[in-house]
Amino acid sequence: MLKILHTADWHLGQSFHGFSRDTEHAAFLDWLLLQLREQRPHALLLAGDVFDTIHPSAAAQKLFYSFLARARAQQPELQLVVTAGNHDAGSRLEAPARLLETFDIRILGTPLNADGTQLDLPRLLVPLVGDSGETEAIVIAMPFLRPSDVPQVAAADDPWLAGIREAYHLATAAARQLQQTTAAQAALLAIGHCHLLGGQETSDSERRLIVGHAEAIGLDTFPADLAYVALGHLHRAQSFEQGRIRYSGSPIPLSFTESGYQHQVLLLEFSEGRLQATRSLPVPRTIPLLTVPERGFAPLSQILQQLESLRELPAQPLELQPFLRINVLATGPDPTRRQQIEQALQNCSVRLCPIQVQTAGEQQTADSPDVESPATADLSVLTPANVLTREYQRLYAADPPADLLQALNEILQGEELSA
Ligand SMILES: [Mn+2]
């Protein structure tokens with residue numbers, strides 16, 4: 050029997066509207082170490098986006114390497130396999146690979162051989178030892194594949210897409226060969242960081258991968274004899290083909306659009322070369338992501354009322370304060386909006402993230418997207434007041450107030466006088 054923990058999309062070092070996530074990431078890693086101790090998996094697979102940026106902060110790198118050291122100290126037998134995602138700098142992530150290998154930690158940032166001409170298949174295959182003390186699985190530890198990484202496929206409609214498929218098929222063929230030499234029947238597994246066709250993209254933090262015209266790879270990228278495919282990239286956990294192919298999802302919400310669902314890691318059990326059981330381990334949320342109003346947009350007066358309840362939040366140091374998103378419905382221009390909100394939040398233990406504004410006119414358009422676009426304007430009759438009125442009506446679905454038109458007139462007259 051072989052037990053594997055699958056996780057992805059840690060995005061260590063993320064800056065969230067200017068605030069650090071280090072506290073949440075540290076809490077997740079503490080929790081993960083506890084799970085490793087309790088569940089005793091033989092291996093941990095981390096399927097890309099270890100860091101949020103190609104130049105992660107010192108604090109983020111410290112979190113990562115301290116986690117590796119603590120995991121190794123806690124469980125000398127645990128096999129760790131880490132691959133790069135599209136957010137990672139592959140070669141940078143891989144720089145300490147030789148050092149980490151001495152601690153039985155495999156880290157793959159780039160898929161090519163030293164001269165960069167072809168896939169380094171032997172390096173990409175990682176055998177995993179299970180209960181039997183023998184190899185019970187062979188993992189294709191494929192990092193994120195860039196267009197320059199993939200083999201050329203003759204007459205392909207889309208060279209990148211076809212190349213990714215070819216890369217997995219070549220690697221699977223190599224894994225089958227290695228499988229012949231293992232005593233027990235080893236399960237064939239693969240890691241990937243990609244957008245699978247039909248995958249639910251739910252977040253603005255996933256950074257769109259444009260793969261040719263299709264933007265997503267097909268399920269036939271992964272040959273049917275792969276017992277399990279551990280994916281990263283989409284932050285919402287989801288599965289394909291009865292759970293043979295899965296996104297574990299990210300362990301923490303990386304955007305407000307990700308706050309509505311449960312984040313998790315996956316625990317998988319293999320025996321006789323096959324996936325036998327899958328369990329989701331829900332990650333506790335350390336810091337709440339609050340939205341006011343809970344749904345949609347509301348006028349500022351209502352929002353200011355609702356913000357009063359936030360005064361009851363216990364006082365906390367900055368790094369433990371909830372994040373707050375505010376969605377304002379604007380019925381007219383209001384230069385004091387931010388000031389009023391900040392005033393209402395004085396002495397509240399929350400971190401204010403950017404205020405999103407939807408205008409009444411935008412809301413109407415969103416509610417009935419089929420309304421036809423306005424007729425073309427006749428420039429000979431278009432006056433500045435006319436332009437203001439039309440734009441105001443578009444934004445706020447109302448006529449501009451008289452004092453605003455008056456102010457415009459004063460400016461225009463002033464210009465005439467000085468001309
Ligand atoms: Mn990601």
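Okay, so the sequence shown: first residue is 50 according to my numbering, each after it adds one. Quick reminder that beta carbons are idealized off the backbone N, C-alpha and C, glycines included.
- The set of residues whose C-beta lies within less than 5 Å of a heavy atom of ligand 1 reads, in chain order, Asp58, Asp98.
- Inter-residue distance for leucine 431 and glutamine 365 is about 55 Å (C-alpha atoms, whole angstroms).
- Taking alanine 122 as reference, the option from Ser106, His136, Leu82, Ala144 with the minimal CA-CA separation is Leu82.
- Judged by DSSP secondary structure, glutamate 368 falls outside any alpha helix (DSSP H); it is assigned neither H nor E.
- Checking the DSSP bridge columns, you'll see lysine 52 partnered with Glu318.
- In the three-state scheme derived from DSSP, where H, G and I count as helix and E and B as strand, histidine 91 is classed as coil.
- Counted as a single uninterrupted DSSP element, the alpha helix (DSSP H) harbouring isoleucine 390 occupies residues 386-393.
- Look at proline 403 here: in three-state DSSP terms it is strand.
- Between the stretch 214-233 and the stretch 107-124, the count of C-beta pairs closer than 8 Å stays below three; the two stretches do not touch.
- If you look at tyrosine 296, you'll find it in the beta strand (DSSP E) that goes 294-296.
- Leucine 129 is a Cβ neighbour of arginine 155, given a cutoff of 8 Å.
- In the three-state reduction of the DSSP assignment, phenylalanine 346 falls in the coil class.
- Residue state for arginine 334 is assigned as coil, using DSSP reduced to three classes.
- Of all alpha-carbon atoms in Val178, Gln351, Ser197, the one lying nearest the alpha-carbon of proline 160 is that of Ser197.
- Residue Gly212 holds the alpha-carbon nearest to the alpha-carbon of proline 200 among Gln455, Gln226, Phe305, Gly212.
- Residue pairing by DSSP puts asparagine 376 in a beta bridge opposite Gln405.
- For the stretch 131-216, the full-length alpha helix (DSSP H) segments reaching 4 residues or more read 139-143, 146-150, 170-173 along the chain.
- Rounded to the nearest whole angstrom, the C-alpha separation of cysteine 243 and threonine 438 is 47 Å.
- For the pair leucine 245 and tyrosine 277, the CB atoms are not nearer than the 8 Å cut-off.
- In the three-state scheme derived from DSSP, where H, G and I count as helix and E and B as strand, leucine 237 is classed as strand.
- Under the three-state reduction of DSSP, histidine 244 is assigned to coil, being neither helix nor strand.
- Under the DSSP assignment, glutamine 287 falls in the beta strand (DSSP E) whose first and last residues are 287-289.
- The alpha carbon of arginine 295 has as its nearest neighbour, out of Thr231, Pro450, Leu95, the alpha carbon of Leu95.
- Closest in alpha carbon position to aspartate 98, among Pro125, Ala75, Asp137, Val131, is Asp137.
- Between the alpha carbons of phenylalanine 113 and methionine 191 lies a distance of about 20 Å.
- Each residue's CA atom was taken as its position, placing leucine 315 and proline 300 some 10 Å apart.
- Between the beta-carbon of valine 399 and that of leucine 359 there is about 6 Å, and that keeps the pair under the 8 Å contact cut.
- Between arginine 293 and leucine 324, the beta carbon gap of about 7 Å places them in contact (Cβ cut-off 8 Å).
- With 16 or more other Cβ atoms inside 10 Å of its own Cβ, leucine 51 counts as buried.
- Shortest Cα-Cα distance from proline 348 to any of Phe305, Glu321, Leu127, Ile390 involves Ile390.
- The shortest CA-to-CA distance from threonine 270 to any of Leu210, Gly281, Arg328 is the one to Leu210.
- Excluding its 5 nearest sequence neighbours in each direction, isoleucine 266 has C-beta neighbours in its own chain below 8 Å: Leu210, Ile213, Arg214, Cys243, His244, Leu245, Leu246, Val260, listed in chain order.
- Bounds of the alpha helix (DSSP H) holding tyrosine 445 are 433-445.
- By the criterion of at least three beta-carbon pairs nearer than 8 Å, the stretch 369-386 is in contact with the stretch 441-458.
- For glycine 381, there is no enclosing alpha helix (DSSP H), since its DSSP letter is neither H nor E.
- Residue pairing by DSSP puts alanine 279 in a beta bridge opposite Ile240, Arg295.
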